[in-house]
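S.K.: Going down the list, the protein sequences come from chains A and B. Just so we're aligned, residue 0 is where the first sequence starts under numbering that gives the first Met the number 0, counting upward by one. Just so we're aligned, residue 0 is where the second sequence starts under numbering that gives the first Met the number 0, counting upward by one. Every residue, glycine too, gets a C-beta built ideally from N, C-alpha and C. For reference, the structure I am asking about is given below.
Number of protein chains: 2
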Amino acid sequence: MHSVRLGLIQFAATDDKASNLERATALVRRAAQAGAPLICLQELFTTVYFPLCPTNNQFFDLAEPVDGPTIQRMSALACELGIFLLAPIYEEANGGRFFNSAVLIGDDGKIIGVTRKNHIPRIHIDHPTWGEIDEKHYFEPGMNGYPVWNTPLGRIGVLICHDRHFPEAARLLALEGADIVLVPSASRGIPDVGDPLDAWLIELRAHAIANMYYVGAVNRVGLEQGERFLGHSVIIGPDGVVLQMAGGEDAVICADLDLDTVRATRIARGFLRDRRPDTYTGLSK
Amino acid sequence: MHSVRLGLIQFAATDDKASNLERATALVRRAAQAGAPLICLQELFTTVYFPLCPTNNQFFDLAEPVDGPTIQRMSALACELGIFLLAPIYEEANGGRFFNSAVLIGDDGKIIGVTRKNHIPRIHIDHPTWGEIDEKHYFEPGMNGYPVWNTPLGRIGVLICHDRHFPEAARLLALEGADIVLVPSASRGIPDVGDPLDAWLIELRAHAIANMYYVGAVNRVGLEQGERFLGHSVIIGPDGVVLQMAGGEDAVICADLDLDTVRATRIARGFLRDRRPDTYTGLSK
């Protein structure tokens, strides 16, 4: 059995980047002490979820290059603890290009790869519990697709928050052989779905079942702009079963993933074998 | 409000085609009397689910052309009752080609269109409650894609049983503008998913949420080859909520679908607007 302990971290962010980094560092240490060699932080972990705030171009100043101080610090931490760490940040690339990104760092502190959020939401709903979300103002859509990183802990793919609403993205990670899909998020639910926790779980469990991989989804908690994030970070098996789930407060959760299950499930269901790519051309038009 | 009452019919089939036709006819009448102008029967409604039996080429003799006696009879029934009817049959086309098909018949008795099952399962599991399923022996994979039929009752798409395990297929129907997706099935669950009813609902609800349409899924009931079909035919809204669900016995269920909700939900979520077709080319390779 090829078993990997996955640790997920959710916490309430503040306006102060330094204190968020402190908090994240402490919780990563806790997850590592709990024996997790693979740890995932939440979307935009160093900042508040500013697309929820009134539009303000000063938020662009929160962005950092992939080799900036935040990732340097997380690299040192990963190296010290001997862990693989997914650190989602607001990325500024050359020439003033801004992305919602997640950086996978190896246990030697080196960057393995970067996934950039591909699907960028813009939400306006006349509803008391749904304010504006204007991500299209802050983030260029990712252009490097849905990479899967081959690590000693398995093949790891990433869906960043809104990306999880797109079954196409979830499937592409399976086609690249993902064993584990990490989903750093900042979610309060889905517009026009009554029960936000129900919707959070249905989508993620459906991805696990259809694609026959483990899902580890981190969701932030806390109150920002008068709205509460859902939390309930969750680890789900290829059978769609919830292995571990957090509540609505700061938390570290861990579960042991048996990666051999992924292959066995793919043989049992045949869902990849039975695909009909010849009939799917309409999806990319 | 553009409201349509959808009726779903599930029943235990016998080895006798004539008696299955009688039973289906009686239940279609019952659904029509309950006020449903749109009615859906189960996969291969005139026969047992023979891919579950030991392989036997005599089962090919159960197939009929689309203009054969079964559909002629269902056309007369649809015309008499003034209903739209989805009738799934074992289809034999020109030259000994065999398909698992569903025929949509209009309220004038004319055939609106035919959907052929695109994904053909072949399952072998060493498990006491999972026998062989050898559909690949009996059915050629469909080659006419995922049509959506524009009717006075809304735009109707079809996923036949195994097709529902493929998020690509569910999405293509949304891209063609489906308001209602009908899913005639013969399911006992999913291999390596513990709770079959749970899996049945997660997949269907996830399709409804991601694609923002109504789902009406019919599943057969009864004991065949010592195995029990799950039943639990279900009608689900674009919010993922179960509107009506049957149990494990013969049943007719109905629900009123507000088709205006489909458009409103697509505006609220923006999930079609925010798609990234440029990043999905890998799905059709």
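1. For residue 1(B), which option in 151(B), 65(B) and 68(B) has the closest C-alpha, if you only look at C-alpha atoms?
2. If you drop the 5 nearest sequence neighbours on each side, which residues of the same chain put their C-beta closer than 6 Å to that of residue 247(B)?
3. Would you mind giving the Cβ-Cβ distance between residue 161(A) and residue 209(B), rounded to the nearest angstrom? I have them listed as a contact below 8 Å.
4. Residues of the segment 252 to 272 of chain B with a CB closer than 7 Å to any CB of chain A: list them in chain order, please.
5. Enumerate, from N- to C-terminal direction, the unbroken beta strand (DSSP E) stretches of 3 or more residues contained entirely within the segment 105 to 129 of chain A.
6. Between residue 81(A) and residue 39(B), what straight-line distance do the alpha-carbon atoms span, to the nearest angstrom?
7. Could you name the residues of the same chain whose beta carbon sits closer than 8 Å to that of residue 168(B), not counting the 5 residues immediately before and after it, in chain order?
8. With 7 Å as the threshold, decide whether the Cβ of residue 154(A) is near any Cβ in chain B.
9. Report the residues of the segment 169 to 187 of chain B with a CB closer than 9 Å to any CB of chain A, ordered along the chain.
10. Leaving out five residues before and five after residue 73(A) in sequence, what residues of the same chain have Cβ atoms less than 7 Å from its Cβ?
11. Classify residue 29(A) as helix, strand or coil using the three-state DSSP reduction.
12. Under a Cβ-count criterion, where at least 16 other Cβ atoms within 10 Å of its own Cβ denotes burial, should residue 120(A) be classed as buried or exposed?
13. Taking residue 297(A) and residue 217(A) to be in contact with their CB atoms under 8 Å, please state how far apart those CB atoms are, rounded to whole angstroms.
14. Would you verify that the beta carbon of residue 278(B) is, or is not, closer than 7 Å to some beta carbon of chain A?
15. Find the residues of chain A that neighbour residue 136(B), judging by a C-beta separation of less than 8 Å, and give them in chain order.
16. Throw me the rounded Cβ distance for the residue 138(B) and residue 93(B) pair, which I believe falls under 8 Å.
17. Report, in whole angstroms, the separation of the C-beta atoms of residue 242(B) and residue 234(B), which I expect to be a contact under 8 Å.
18. Report the residue ranges of all beta strand (DSSP E) runs contained in full by the segment 18 to 73 of chain B; include only those spanning at least 3 residues, in chain order.
19. Taking the C-alpha atoms as reference points, what is the distance between residue 36(B) and residue 193(B)?
20. With DSSP as the reference, identify every bridge partner of residue 89(B), one or two as the case may be.
21. Pick out the complete beta strand (DSSP E) segments inside the segment 178 to 247 of chain A, 3 residues or longer, and give them in chain order.
22. Helix or strand or just coil, what does DSSP make of residue 156(A)?
23. At the 7 Å Cβ level, is residue 50(A) part of the contact set with chain B, yes or no?
24. Which bits of chain B does residue 158(A) rub up against, with CB to CB less than 9 Å?
25. Per DSSP, residue 149(B) forms a beta bridge with which residues?
26. Is residue 229(A) close to chain B, meaning its C-beta is less than 7 Å from at least one C-beta of that chain?
27. Would residue 50(A) and residue 133(A) be called neighbours here (beta carbons separated by less than 7 Å)?
28. According to DSSP, is residue 144(A) part of a helix, a strand, or is it coil?
29. What does residue 284(A) touch in chain B if you count any residue whose Cβ is under 7 Å from its own?
30. Do residue 190(A) and residue 265(B) have their C-beta atoms closer together than 7 Å?
31. Between which two residues does the beta strand (DSSP E) carrying residue 4(A) extend?
32. Is the Cβ of residue 238(A) closer than 7 Å to any Cβ of chain B?
33. Specify, as a first and last residue, the run of the beta strand (DSSP E) that residue 254(B) falls within.
34. Less than 7 Å between CB atoms is the rule here; does residue 192(B) satisfy it with respect to chain A?
35. With a threshold of 6 Å on Cβ separation, who are the neighbours of residue 96(A) within its own chain once the five nearest residues in sequence on each side are excluded?
36. Using beta-carbon positions only, say whether residue 284(B) and residue 276(A) come within less than 7 Å of one another.
M.R.: In brief:
1. Nearest to residue 1(B) by alpha-carbon distance, out of 151(B), 65(B) and 68(B), is 151(B).
2. Cβ within range, chain order: 220 and 230.
3. Contact doesn't hold; Cβ gap of about 12 Å is too wide.
4. The residues in question are 264, 267, 268, 269 and 270.
5. The segment 105 to 129 of chain A contains these whole beta strand (DSSP E) runs: 110 to 115.
6. Rounded to the nearest angstrom, the gap between the Cα atoms of residue 81(A) and residue 39(B) is 57 Å.
7. The residues 117, 118, 145, 158 and 162, in chain order, have a CB closer than 8 Å to that of residue 168(B) in the same chain once the five nearest residues on each side in sequence are set aside.
8. Not a single C-beta of chain B is nearer than 7 Å to the C-beta of residue 154(A).
9. Here the close residues are 169, 170, 171, 174 and 175.
10. 84, 86 and 104, listed in sequence order.
11. Three-state result, residue 29(A): helix.
12. When all chains shown are included, residue 120(A) counts as buried.
13. Because chain A is modelled from 0 through 284, residue 297(A) falls outside the range shown and cannot be assessed.
14. Taking Cβ atoms only, chain A reaches closer than 7 Å to residue 278(B), which makes this a yes.
15. By Cβ distance, chain A contributes nothing, its closest Cβ being about 14 Å from residue 136(B), past 8 Å.
16. About 16 Å separates the beta carbon of residue 138(B) from that of residue 93(B), a gap too long to meet the 8 Å contact definition.
17. The Cβ separation is near 5 Å, so the contact holds.
18. Taking only runs of at least 3 residues, the beta strand (DSSP E) segments lying wholly in the segment 18 to 73 of chain B are 37 to 39.
19. About 36 Å.
20. The partner list for residue 89(B) (beta bridge, DSSP) reads 99(B).
21. Complete beta strand (DSSP E) runs here, min 3: 179 to 184, 213 to 218, 233 to 235 and 241 to 244.
22. DSSP, reduced to helix, strand and coil, places residue 156(A) within a strand of the structure shown.
23. No - not a single Cβ of chain B is within 7 Å of the one on residue 50(A).
24. Within chain B, not a single residue places a beta-carbon under 9 Å from that of residue 158(A); the smallest gap is close to 12 Å.
25. Looking at the DSSP assignment, residue 149(B) forms a beta bridge with 154(B).
26. No, residue 229(A) lies away from the interface with chain B (no Cβ there is under 7 Å from its Cβ).
27. Judged by their CB atoms, residue 50(A) and residue 133(A) are nearer to each other than the 7 Å cut-off.
28. Collapsing the DSSP output to three states places residue 144(A) in coil.
29. Under the 7 Å cutoff, chain B gives 276.
30. Not in contact: residue 190(A) and residue 265(B) (Cβ atoms no closer than 7 Å).
31. Per DSSP, the unbroken beta strand (DSSP E) holding residue 4(A) starts and ends at 2 to 9.
32. Closer than 7 Å: yes.
33. 250 to 257 is the extent of the beta strand (DSSP E) around residue 254(B).
34. At least one chain A Cβ lies under 7 Å of residue 192(B).
35. Counting only Cβ-Cβ distances below 6 Å, and skipping sequence neighbours, we find 139.
36. Contact flag set, yes.
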